[in-house]
Amino acid sequence: MDIKQLLYFKTIVDEGNITKAAKTLHIAQPPLSQQLKRLETELDTVLIKRYTHKWELTETGRILYRHAVNMLQDMKEVKREINEMEDGTSGTLSIGVTSSCVGFLPKNIQRFRESYPHVFIKIWKGDSSYLQNLLLERKIELSLMLLPTSFQDYHVKLLPKYPFVVVIPASWKSKFPNGTVSLKEIIDYPFLMLGPMKGYIMYETIMREFYMHKFSPNIVMECIDISTLLSFVALGIGISIIPKSDIYGSFHQEIEALEIEDFSLFIEHAIIYRKEHTLNTAAKNFLKDFNI
């Protein structure tokens, strides 16, 4: 028994006789009669009782008809869902994002939702190493994150560079009236250091800048999570150096960002996805329409 046989049987019942059903299906009557007979033989039951001038659906025929209606509808839905997934109008968009790249998402997600309202969006947030593992495990299709030091396994779409800034508690603003600061000016303040992360050189970059100027920061804490680091800065525990792109959300009113006069390096962000994995259509559409 296959879908075609179920369609033939349902059409026979709907039309009331084989002659009309054959016309609806655009096939000859004898082959349709043969298909009905094969179906009855396979199920070892009489589905339709034939009389001289009429026919009657049997109890087993009614059971098959009910299931045929449901199964044909299910197949229709399966085809529809597959077609929608293939053209990206349904399915799931799974993406990762680091805190420093969150600012790139809102307008792009809004635009994507307007174009593809039936696509379910799943966003994972974490540090870069965590998101790289999710990419490897195929839990996410692509990730917005810091550009890894080694990216030969990835396709890369570069995002704008951002400078590093010094972040201070808002209550300390009067200590830095110029709105800018040099590395020498901050070495005596308690320094909350962005901790080292595997595959990334932000920690090394910051420390190298201090050493090049022959300064050593007064490090009292290390933390690899920038949101946590900012919460401590907001409380007045100390100051830090972070990428400017990481300043967002609820901390805006509680911290101040100062340009660094003698620190000219930038942080690079990118959208990455693994070369060995083919993006699903939803992810391809998101990447195609992504606007910086």
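For reference, each letter of the sequence shown is one residue, going 1 to 292 in UniProt numbering.
Just so it is clear, CB atoms sit at the ideal spot from N, CA and C, and this is done for glycine as well.
On the DSSP bridge list, what partners appear for residue i?
i	result
A270	M145, L158
M221	L192
W55	R50
W124	G96
I241	V166
T180	E259
Whole-angstrom Cβ separation of residue i and residue j, contact assumed at under 8 Å?
i	j	result
I239	V165	Not really, about 11 Å apart at Cβ, beyond 8 Å.
I237	L194	That belief does not hold up - the Cβ atoms of I237 and L194 are roughly 14 Å apart, past 8 Å.
H155	Y273	5 Å
I187	S216	7 Å
F263	E209	5 Å
V13	L57	6 Å
S129	M197	6 Å
What number of angstroms, rounded off, separates the C-alpha of residue i from the C-alpha of residue j?
i	j	result
K284	E268	22 Å
residue 310	F9	What the structure shows of the chain is the stretch from 1 to 292, and residue 310 is not part of that stretch, so it cannot be assessed.
H53	Q73	32 Å
L265	M75	57 Å
T60	V46	7 Å
E137	I242	29 Å
T24	S90	32 Å
K49	F112	56 Å
L229	V78	48 Å
L105	G96	10 Å
I292	L183	31 Å
K214	P163	21 Å
Y116	K288	13 Å
M202	L279	29 Å
A22	W55	16 Å
residue 302	F290	Outside the shown range of the chain (1 to 292) lies residue 302, about which nothing can therefore be said.
V220	P160	31 Å
H67	T11	13 Å
D153	I226	26 Å
L32	N83	30 Å
I109	E276	25 Å
T19	Y51	15 Å
H118	N178	50 Å
H26	N17	14 Å
P169	D87	49 Å
G103	I247	9 Å
V69	R62	11 Å
K107	I140	20 Å
Should residue i go down as buried or exposed, given a rule of 16 or more other Cβ atoms within 10 Å for buried?
i	result
A28	exposed
E114	exposed
P30	exposed
T281	buried
S171	exposed
D127	buried
I260	buried
T41	exposed
E81	exposed
Q132	buried
Y211	exposed
S245	buried
M1	exposed
F286	buried
S174	exposed
Q35	buried
L158	exposed
T98	buried
E3	A small correction: the amino acid at residue 3 is Ile; Glu does not occupy that position in the sequence shown. Classification for I3: exposed.
Would you say residue i and residue j are within 7 Å of each other, going by their C-beta atoms?
i	j	result
N218	F191	yes
E256	A234	no
L134	C101	no
M71	L6	yes
K122	S94	yes
I271	L147	no
L258	T180	yes
F120	T92	yes
If we cut at 7 Å on Cβ distances, does residue i have a partner in chain B?
i	result
K10	As a matter of chain content, chain B is missing from the structure shown, which is built from one protein chain.
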